[in-house]
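J.: Let me give you the structure first, and then I'll get to my questions.
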Amino acid sequence: MSAPNIETIVSLAKRRGFVFPASEIYGGLGSSWDYGSLGVELANNIKKSWWRWLVHERDDIEGLDSSIIQNRQVWKYSGHETTFSDPLVDCRACKGRFRLDKLQDVSCPKEQSANAGSGKECDLTEAREFNLMFRTTVGAVSAEDDESALAYLRPETAQGIFINFANVLNTSRRKLPFGIAQIGKAFRNEVTPGNFIFRTREFEQMEMEYFCRPEDAPRIHQEFIDAFQEWFYSLGISAENLKLYEQTKEELAHYAERTVDILYRFFPERDDEEKQFDELMGIANRKDFDLKAHSKKPEDREGKRINTDSNEDLSYFDEATKQRFYPYVIEPAVGVNRTLLAVLMDAYTEKTNDKNETRVILKLKPELAPIKVAVLPLAKNKPEIVSMAKDLKRQLLPAMRTVYDDTGGIGKLYARQDEIGTPFCVTVDHESLEDNAVTVRNRDTWEQERINVSELKEHLQKRLN
Ligand code: GAP
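Under the working numbering, the first residue of the sequence shown carries the number 6, and numbering increases by one thereafter.
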């Protein structure tokens, strides 16, 4: 059984220190969240898995970390200044502000028009476009005084990759096909953020732009669609909670030839099965739009340079065919936060113990678990037991994230570790002092085994990998 709804995860996340509402002591800040000690470990483990799988295990992908604030021209030529907007409407009755294309999903904040989409009381204004980029200024001037000071917080990591295409190509001496991968924060002034960490104004993306010959793009696109489903399975997400969605012609971004979204069952409580699913990631064939858009070379039909600000031609010269062209781009774009939410929802299970109490077990894949092993002393007032447990923690730590915990009775400690997804607990008891053995408890089965300390590390390592 996965989590019955997002609210169950919100409550677990807060209770156990995965995610907290941001600025909480000042009343919060609409849909902003902070990641606690377990949340940051889980997010890091997801990012590590993505990076290792794409950048380290393949040999055709380079890494990059570009700036959040770039020259404003980046967003002019990418099209974000003119097209990265949502259509907004206001309700004159309830003063609510909604996205025109999402009216059916929202509730009126004042309830006069209980559902903005269907409520007859709704008195909507004409739609107007609202640009989602956060504006800022660079230097000690305001944008009102000096337009040239205007800059944006990046709304996606992708453009940082396109504008570095020539740098990476020249320094890595790559030939097509190859990819550039980046993980980093992105910012969008979303009109209707919500559903916990599903849609927020500040979030993190893992994006990879894969450059290839135009004729290879459809095949490579399909390969990444298949590969990313496998990657989600490897994170423990079950196939029944994932679904592919082929964007229709009307939905496709202006630059995209084909986009397939991988959806996750984020809203299992909804009656309509189709509405239970929403976007986890998108995999787009962006054609040669971006490299062309940022190049100084391309001309329009009248022979006028389209980009008058770029100093670089981002075309590619193929030594074999002696042809110069703009590579096509396949872009798998994943949200860290949505992946974390999907991982938590899918790992959530409940089990009843022999006292008929319901316990939460977070069946995280060991690779993702924030803590791999918890060493627990059975009697914390016995110095020899405490000292042996602390020693064990130190011995295991270089190989696996291990914690020592003596903050409660053994039943409570086991329950806590189950709830945060720790695959193994190691208990040191009175007998351990005699036989140099400890009890290893399995999170998922609650089975316990007696293992000699000399074999403990290897025993755990085998099971964690
Ligand atoms: N470069 C392409 C691009 O940015 P996108 O579909 O807008 O595509 C990619 O974003 C992924 O980033 C989404 O599939 C989602 O996982 C995540 N994402 C986008 N907007 C988000 C938001 N407001 N909050 C949380 N995650 C978001």
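We treat Cβ as the ideally placed atom computed from N, Cα and C, and that holds for glycine.
In chain order, what are the residue ranges of uninterrupted beta strand (DSSP E) at least 3 long that sit wholly in the stretch 25-87?
T.: Qualifying beta strand (DSSP E) stretches, in chain order: 38-40 and 66-69.
J.: In whole angstroms, what separates the C-alpha of N312 from that of Q328?
T.: Here residue 312 refers to the residue found at position 307 of the sequence shown. Here residue 328 refers to the residue found at position 323 of the sequence shown. Put simply, the backbone Cα of N312 is about 22 Å away from that of Q328.
J.: Could you check where the alpha helix (DSSP H) with A18 kicks off and where it finishes?
T.: Position 13 of the sequence shown, counting from 1, holds the residue named residue 18. Residues I11 to R21.
J.: Do K398 and V408 come within 8 Å of each other at the CB atom, strictly closer than that value?
T.: In the sequence shown, residue 408 corresponds to position 403, counting from 1. In the sequence shown, residue 398 corresponds to position 393, counting from 1. Result yes, Cβ atoms of V408 and K398 sit closer than 8 Å.
J.: Suppose only complete runs of 4+ residues qualify. What are the alpha helix (DSSP H) ranges in the stretch 270-321, listed by chain order?
T.: 294-298
J.: So what does DSSP say about P198, is it helix, strand or coil?
T.: Counting from one through the sequence shown, the residue named residue 198 turns up at place 193. DSSP places P198 in coil when its eight states are reduced to three.
J.: Taking 7 Å as the cut-off, is the beta-carbon of E262 closer than that to any non-hydrogen atom of ligand 2?
T.: Summarising the ligand content, the structure contains ligand 1 and does not contain ligand 2.
J.: Have a look at H299, E131, H464 and P9 and flag the residue whose alpha-carbon is nearest the alpha-carbon of M405.
T.: Position 400 of the sequence shown holds residue 405. Nearest of H299, E131, H464 and P9 to M405, Cα basis: H464.
J.: Report, in whole angstroms, the separation of the C-beta atoms of L268 and K248, which I expect to be a contact under 8 Å.
T.: Position 263 of the sequence shown, counted from the first residue, corresponds to residue 268. Position 243 of the sequence shown, counted from the first residue, corresponds to residue 248. Cβ atoms of L268 and K248 come within 8 Å of each other, at about 5 Å.
J.: What is the residue span of the alpha helix (DSSP H) that V146 lies within?
T.: Mapped onto the sequence shown, residue 146 falls at position 141. Looking at the DSSP string, V146 is not in any alpha helix (DSSP H), and its letter there is neither H nor E.
J.: Taking the C-alpha atoms as reference points, what is the distance between V380 and L418?
T.: What you label residue 380 is simply residue 375 of the sequence shown in a count that begins at 1. What you label residue 418 is simply residue 413 of the sequence shown in a count that begins at 1. Taking the straight line joining both Cα atoms gives about 10 Å.
J.: Starting from T407, trace the beta strand (DSSP E) in both directions and tell me its first and last residue.
T.: The residue given as residue 407 occupies position 402 in the sequence shown. It spans T407 to Y409 - the beta strand (DSSP E) in which T407 sits, taken as one unbroken run.
J.: Could you tell me whether the Cβ atoms of M286 and G241 are closer together than 8 Å?
T.: Numbered from its first residue, the sequence shown carries residue 286 at position 281. Numbered from its first residue, the sequence shown carries residue 241 at position 236. No, the Cβ-Cβ distance between M286 and G241 is not below 8 Å.
J.: Does DSSP put G241 in a helix, in a strand, or in coil?
T.: The count along the sequence shown starts at 1 and reaches residue 241 at position 236. Coil.
J.: Is it the case that the stretch 89-98 contacts the stretch 179-191, given that we only count it when at least three CB pairs across the two stretches are under 8 Å?
T.: no
J.: Is DSSP giving T176 helix, strand or coil here?
T.: Your numbering for residue 176 matches position 171 in the sequence shown. Of the three classes helix, strand and coil, the one that applies to T176 here is helix, per DSSP.
J.: Would you check if the stretch 173-183 and the stretch 38-51 touch, i.e. whether three or more CB-CB distances between them fall below 8 Å?
T.: no
J.: If I'm right that E251 touches V265 with Cβ under 8 Å, what's the distance once you round it to whole angstroms?
T.: The sequence position of residue 251 within the sequence shown is 246, counting from 1. The sequence position of residue 265 within the sequence shown is 260, counting from 1. About 6 Å separates the two Cβ atoms, so the contact holds.
J.: Under 8 Å between the Cβ atoms of I66 and C217?
T.: If you number the sequence shown from 1, residue 66 lands on position 61. If you number the sequence shown from 1, residue 217 lands on position 212. At least 8 Å separates the beta-carbon of I66 from that of C217.
J.: How close, in whole Å, do the beta carbons of E317 and K301 come, if the pair is a contact with beta carbons under 8 Å?
T.: Counting from one through the sequence shown, the residue named residue 317 turns up at place 312. Counting from one through the sequence shown, the residue named residue 301 turns up at place 296. Contact flag correct, Cβ pair sits at about 6 Å.
J.: If you run the structure through DSSP and keep just helix, strand and coil, what is A132?
T.: Position 127 of the sequence shown, counting from 1, holds the residue named residue 132. Of the three classes helix, strand and coil, the one that applies to A132 here is coil, per DSSP.
J.: E389 to E454, Cα distance in whole Å?
T.: Along the sequence shown, read from residue 1 onward, the residue named residue 389 stands at position 384. Along the sequence shown, read from residue 1 onward, the residue named residue 454 stands at position 449. For E389 and E454, the distance between alpha carbons rounds to 22 Å.
J.: Nearest by alpha-carbon distance to V443: which of V391, S320, D128 and F229 is it?
T.: Taking the sequence shown and counting its residues from 1, one reaches residue 443 at position 438. Ranking the options by Cα distance to V443, first place goes to V391.
J.: Determine, using beta-carbon pairs with one atom in the stretch 52-67 and one in the stretch 93-111, whether at least three such pairs fall under 8 Å.
T.: no
J.: Do you know offhand how far A154's Cα is from V143's?
T.: Taking the first residue of the sequence shown as position 1, residue 154 is located at position 149. Taking the first residue of the sequence shown as position 1, residue 143 is located at position 138. So the alpha carbons of these two residues sit roughly 5 Å apart.
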